[in-house]
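Data block below; observations after.
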Amino acid sequence: MPQHRREESAGEMTPPTGQSPSTRADALVNGSRTRDRRASFPQRPGVDRVAETRRTSLHLPERISLEGWQRIGEQISLISDASTWWLGDWLVYGQNSFPERYRQAMERSSLDYQTLRNYAWIARKVEPSRRHGRLSIQHHAEVAALPADEQTGWLDQAERGGWSRNELRRRVRASRRDLPADTEATGLFHLKVSQAQRRLWEAAADQAAQSLADWVTSVLDEAAQQQKGSAGSR
Numbered sequence: 001m002p003q004h005r006r007e008e009s010a011g012e013m014t015p016p017t018g019q020s021p022s023t024r025a026d027a028l029v030n031g032s033r034t035r036d037r038r039a040s041f042p043q044r045p046g047v048d049r050v051a052e053t054r055r056t057s058l059h060l061p062e063r064i065s066l067e068g069w070q071r072i073g074e075q076i077s078l079i080s081d082a083s084t085w086w087l088g089d090w091l092v093y094g095q096n097s098f099p100e101r102y103r104q105a106m107e108r109s110s111l112d113y114q115t116l117r118n119y120a121w122i123a124r125k126v127e128p129s130r131r132h133g134r135l136s137i138q139h140h141a142e143v144a145a146l147p148a149d150e151q152t153g154w155l156d157q158a159e160r161g162g163w164s165r166n167e168l169r170r171r172v173r174a175s176r177r178d179l180p181a182d183t184e185a186t187g188l189f190h191l192k193v194s195q196a197q198r199r200l201w202e203a204a205a206d207q208a209a210q211s212l213a214d215w216v217t218s219v220l221d222e223a224a225q226q227q228k229g230s231a232g233s234r
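Just so we're aligned, residue 1 is where the sequence shown starts under UniProt numbering, counting upward by one.
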């Protein structure tokens with residue numbers, strides 16, 4: 001399970017982006033070949049028995065073939081990539097099953113709280129049936145805010161075309177710019193808040209099973225509609 005240093009910052013509220021741990025692991029072997037082989041691995045990833053795994057080390061035998069060494073590297077890469085989904089689904093389960101104690105459990109974890117929230121957001125938005133084993137979790141993050149059918153279409157195209165995460169992002173953004181003005185999502189909203197406010201809002205968003213950005217948007221929309229209605233009745 002990847003380890004992340006705890007960092008907490010206030011301010012910008014946008015859908016999560018960043019680099020998946022699998023990006024670093026893929027550097028161990030030929031990246032394109034690793035991505036091409038991912039789908040051939042079993043559904044329950046593991047490492048060859050000749051490799052002794054520990055929390056802080058990996059011990060390999062003195063004599064191992066090049067092919068065997070590469071295979072183990074690919075297996076480690078696959079586990080690193082899969083573990084982000086495991087964490088995301090684990091968190092979603094916690095949100096659904098233990099809503100009152102979920103945040104406390106996360107805060108006691110050695111993992112970075114914001115990273116965990118990102119994984120949970122992606123896992124909740126992109127159901128397992130729509131996930132692509134040959135694409136990174138960051139590919140899925142680029143389409144997580146879209147409707148389900150659009151997610152499927154973009155991920156299918158990304159896999160067929162061998163697109164990088166950045167290429168997928170570029171194409172998705174370009175398609176949004178082509179929408180009619182009244183349907184296009186526009187603007188990036190920055191808001192400075194205190195740590196106490198952020199924690200309070202995040203707790204409310206977790207209880208509503210929403211990302212912080214989605215929760216803030218829904219609350220503001222509701223408040224605006226109420227204000228508009230009260231003004232119209234005067």
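Note that the Cβ used here is the ideal one computed from N, Cα and C, for glycine as well.
- Item | Rounded straight-line distance, which links the Cα of residue 162 to that of residue 223 | Approximately 43 Å, taken between the alpha carbons.
- Apart from the five residues on each side of it in sequence, which residues of its chain come closer than 6 Å, Cβ to Cβ, to residue 214? Annotation for residue 214: no residue places its beta carbon closer than 6 Å to its own, counting only its chain and skipping 5 residues before and after.
- Query: Tell me which same chain residues have a C-beta within less than 8 Å of the C-beta of residue 143, skipping the five on either side of it?
  - Reply: Cβ contact annotation for residue 143 (same chain, cutoff 8 Å, sequence separation greater than five): 126, 150, 151, 154, 155, 168 and 172, in chain order.
- Between the beta-carbon of residue 203 and the beta-carbon of residue 216, is there less than 9 Å? Not in contact: residue 203 and residue 216 (Cβ atoms no closer than 9 Å).
- Which value, in whole angstroms, describes the spacing of the CA atoms of residue 137 and residue 63? Spanning the alpha carbons of residue 137 and residue 63 requires a straight line of approximately 35 Å.
- Along the chain, which unbroken stretches of the beta strand (DSSP E) at least 3 residues long are found entirely within the stretch 40-75? Those beta strand (DSSP E) runs which fall completely within the stretch 40-75 and span 3+ residues are 52-54 and 57-59.
- Close beta carbons around residue 45, own chain, < 7 Å, minus the five adjacent residues each side: Result list for residue 45: 75, 78, 79 and 82, in chain order.
- Task: Would you mind working out which of 117, 158, 69 and 73 sits nearest residue 84, comparing C-alpha positions?
- Result: For residue 84, the closest alpha carbon among the candidates 117, 158, 69 and 73 is that of 117.
- Item | Length of the line joining the Cα atoms of residue 226 and residue 191 | A straight-line Cα-Cα distance of about 22 Å links residue 226 and residue 191.
- Inter-residue Cα distance where the pair is residue 266 and residue 48: This structure cannot settle anything about residue 266, because the visible part of the chain is limited to 1 through 234.
- Item | Close beta carbons around residue 221, own chain, < 6 Å, minus the five adjacent residues each side | Closer than 6 Å at Cβ, skipping near neighbours: no residue.
- Item | Neighbourhood of residue 88 by C-beta distance below 7 Å, restricted to the same chain and skipping five residues each side | The residues are 119, 120, 122 and 123.
- Message: Using only the alpha-carbon positions, how far apart do residue 107 and residue 99 sit?
- Response: Roughly 14 Å separates the two Cα atoms.
- Can you grab the Cα-Cα spacing for the pair residue 105 / residue 91, in whole Å? C-alpha separation (whole angstroms): 10 Å.
- Message: Going by DSSP in three states, residue 202 sits in which element: helix, strand or coil?
- Response: Correct three-state label for residue 202: helix.
- DSSP three-state call for residue 190: helix, strand or coil? Three-state DSSP puts residue 190 in coil, outside helix and strand.
- Query: Rounded to a whole number of angstroms, what is the C-alpha to C-alpha distance between residue 145 and residue 61?
  - Reply: Their backbone Cα atoms lie some 46 Å apart in a straight line.
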